[in-house]
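Residue numbers (my numbering), protein chains in the order written: chain A, 1 to 246; chain B, 1 to 281. What follows is a short report on a single structure.
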Amino acid sequence: MKENQSIPPVRIGGLRKAFGEQKVLKGISLEVARRETVAVLGRSGGGKSVLLKLIIGLQTPDAGSIQVAGQEITKLPDKMLNEVRKKIGFLFQQAALYDSLTVEENVAFPLSRHTKASSGERRRRVHELLAGVGMEGDARKMPSEISGGMQKRVGLARALALDPEILLLDEPTAGLDPITATEIAELIGALKRKRPMSAIVVTHDVRGARAYTDRMVLLHEGNIVAEGSFDELQSSKNELVEQFIG
Amino acid sequence: MRNLALLFVAVAASDAFAARLPPHVLAAKRLLFSFFEWFGELGLFCRRLITAALTPPYEFSEFLRQCDAIGSKSLPLVALAGAATGVVMSLQTRDSLIRFGAKAFLPAVIVFSIIKESGPIVTALIVSGRVGAGIGAELGSMKVTEQIDAMEASAVDPYKFLVATRVAACILMLPLLTVAANFCGILMGWLANNLAEPISLRLFLENGFKNMEFTDYIPPIVKTTVFGLTIGIVSSFQGLRTTGGTEGVGRSATSSVVLSSLFVILADVLLVRLILTIWGK
């Protein structure tokens, strides 16, 4: 148990990924400590979302290692990879809610497949999760009947359903108005305080992310070009960092 | 010889070789490569599908939901198509048989042609239109909106949850829908015949089924399971390889219908030959 505590939940080394001629990641290394939240910043199309998809095994790297919860996932067979995935919660950029299921069925989906909870317990847990993101009144609605911000909240509740050790958030505030974006950022901050988990957040919203991240890394042209707390990055003389932090 | 073949493939695939080719040859080469690529990907898809389908746990509730979507919801259309086939066959065949003085064979001709060929193929083509487009569009839309990625990220195998259940439902529902289409076709065939020349249903059926044997009835019904398998696999495959947003979803829906109909017709030709070889007299 002690040994597990010392292993960082996410450890990436020399990660490379290319799509045809386009090299998206050129050998990046990143470590996320227990209960740490890291924001990955960078320009659009810079490979930030690809990085998250590599961490959860939705894409395979060309080279490098990805250790999640102490397990090297790049060589894991599907069955074992799924065991690792149960420890990860993933919020997609467009929430990716199942549009044929209601809000509560979306949140219950991972629970009904990976837990032995009775339907009553499951319902209670779903309502608890929806209440946690302020969506308890919309449980019976279909995803098409709720706004983008509400979809993100439901996506977040679904990502938290299995009490993950690691949370991966892909642009949690993208496409939202400033008020909703702030609400989502505050919600992530509150979750971080409540739950003992590590998180990687891909975002453009540097100011919003400041409130809930411990560290920020700047990804540029496939490499990590800067790393540190918001204050450290703010005092950086790197031109690219200055452009991002403003 | 094998090395020579490998060398030929390597040269044909090389960019330097491609640059020297005239545009129409280059287009034909691309088409040929994408043709083989499609079959290669289909093979990998089927391998993953078989593994997912045979490994527990099984998704029974989703399978039942798909049986409802594919079976019960296709029933009205299939019944209508079967009935129309029966009426048309009765009207057309009656006229032809009168010319040859073989009017007495009308019930047998209707029953035999509906059970052995028209019922199964009409049902399969109706289902590939309705269900094939539905599966292609649904899975395609799930693919482009990252719902399939979300499912994988939730440690749920989309091949097990989405594909295996749809394919299994197609396999089970096609024979049942065919029985319904056959029933409606024969009934309406009798009705159309009855309007021209009154004949009791009992006599019509007695004449129709008099020379029919068990081996005439079972192979065509079993054949429809292969049609179901074909529709399920082709439309799911097309859905899961969707790219390019809503336009891609439209393309997947169309190609699901076109390809599944095409493969159903090809499978029919092969299966009829096979059935005649095994059970033919």
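Idealized CB from N, CA, C, for every residue including glycine.
Residue i classed as buried or exposed, judged by whether at least 16 other C-beta atoms fall within 10 angstroms
i: B/P23; result: exposed
i: B/K282; result: Since the displayed chain B opens at 1 and closes at 281, residue 282 of chain B lies outside it and no answer follows.
i: B/E37; result: exposed
i: B/F60; result: exposed
i: A/P77; result: exposed
i: A/S147; result: exposed
i: B/N211; result: exposed
i: B/G101; result: exposed
i: B/T277; result: exposed
i: B/F237; result: buried
i: A/S44; result: exposed
Three-way DSSP call (helix, strand, coil) for residue i in this model
i: A/F109; result: helix
i: A/T60; result: coil
i: A/T37; result: strand
i: A/M1; result: Model confidence at A/M1 stands at a pLDDT of 42, short of 50, so the residue's coordinates are unreliable; what they give is reported in the following sentence. A/M1: coil per DSSP, three-state reduction.
i: A/K79; result: helix
i: B/N193; result: helix
i: A/A174; result: coil
i: A/R210; result: helix
i: A/G14; result: strand
i: A/L168; result: strand
i: A/F19; result: strand
i: B/L177; result: helix
i: A/E72; result: strand
i: A/F90; result: strand
i: A/G189; result: helix
i: B/G82; result: helix
i: A/I66; result: strand
i: A/G42; result: strand
i: A/K48; result: helix
i: B/T123; result: helix
i: B/D149; result: helix
i: B/I70; result: helix
i: B/G140; result: helix
Range covered by the alpha helix (DSSP H) that runs through residue i
i: A/E31; result: Unbroken run through A/E31 is the beta strand (DSSP E), 22–32; no alpha helix (DSSP H).
i: B/H24; result: 23–54
i: A/K116; result: A/K116 -> no alpha helix (DSSP H), and no H or E assigned at all.
i: B/V249; result: 245–279
i: B/T215; result: 214–240
i: B/F63; result: 60–67
i: B/S113; result: 106–113
Spatially closest choice to residue i from the options, by CA coordinates
i: A/A190; options: A/A139, A/A209, A/V50, A/S100; result: A/A209
i: A/G149; options: A/T182, A/G64, A/P8; result: A/T182
i: A/A95; options: A/R158, A/Q22, A/M80, A/K75; result: A/R158
i: A/T60; options: A/E83, A/K17, A/R193; result: A/K17
i: B/P56; options: A/K79, A/G42, A/L41, A/T213; result: A/K79
i: A/P172; options: A/L160, A/D163, A/A185, A/P164; result: A/A185
i: A/A69; options: A/K53, A/A161, A/S6, A/D177; result: A/S6
i: B/L291; options: B/L203, B/A169, B/S74; result: Lying outside 1 to 281, the shown extent of chain B, residue 291 of chain B is not represented and no answer is given.
i: B/M142; options: B/G40, B/G248, B/T178; result: B/G248
i: B/R48; options: B/D157, B/A253, B/T178, B/G250; result: B/D157
i: B/L174; options: B/V144, B/A108, B/A104, B/D68; result: B/D68
i: A/I248; options: A/L15, A/A39, A/K116; result: Outside the shown range of chain A, which is 1 to 246, sits residue 248 of chain A, and nothing can be said about it.
i: B/K73; options: B/R130, B/S113, B/L240; result: B/R130
i: B/G134; options: B/R251, B/A267, B/L270, B/V269; result: B/R251
Residue i versus residue j - alpha carbon distance
i: A/F244; j: A/M216; result: 11 Å
i: B/M89; j: B/T123; result: 16 Å
i: B/P198; j: B/L176; result: 30 Å
i: A/N106; j: A/H127; result: 12 Å
i: B/I233; j: A/R35; result: 44 Å
i: B/T93; j: B/L205; result: 17 Å
i: A/V206; j: A/F230; result: 8 Å
i: A/G89; j: A/K75; result: 21 Å
i: A/I224; j: A/R11; result: 14 Å
i: B/N207; j: B/G280; result: 22 Å
i: A/L160; j: A/L129; result: 8 Å
i: A/E227; j: A/D170; result: 19 Å
i: A/L54; j: A/E83; result: 16 Å
i: B/E152; j: B/V167; result: 19 Å
i: A/I66; j: A/E21; result: 23 Å
i: B/I148; j: B/I70; result: 21 Å
i: B/I221; j: B/A83; result: 18 Å
i: A/R85; j: B/A150; result: 11 Å
i: A/L101; j: A/S144; result: 10 Å
i: B/V127; j: B/V257; result: 9 Å
Unbroken beta strand (DSSP E) run spanning residue i, endpoints
i: A/M216; result: 215–220
i: B/S128; result: Element bounds for B/S128: n/a, residue is neither H nor E.
i: A/V225; result: 223–228
i: A/V201; result: 198–202
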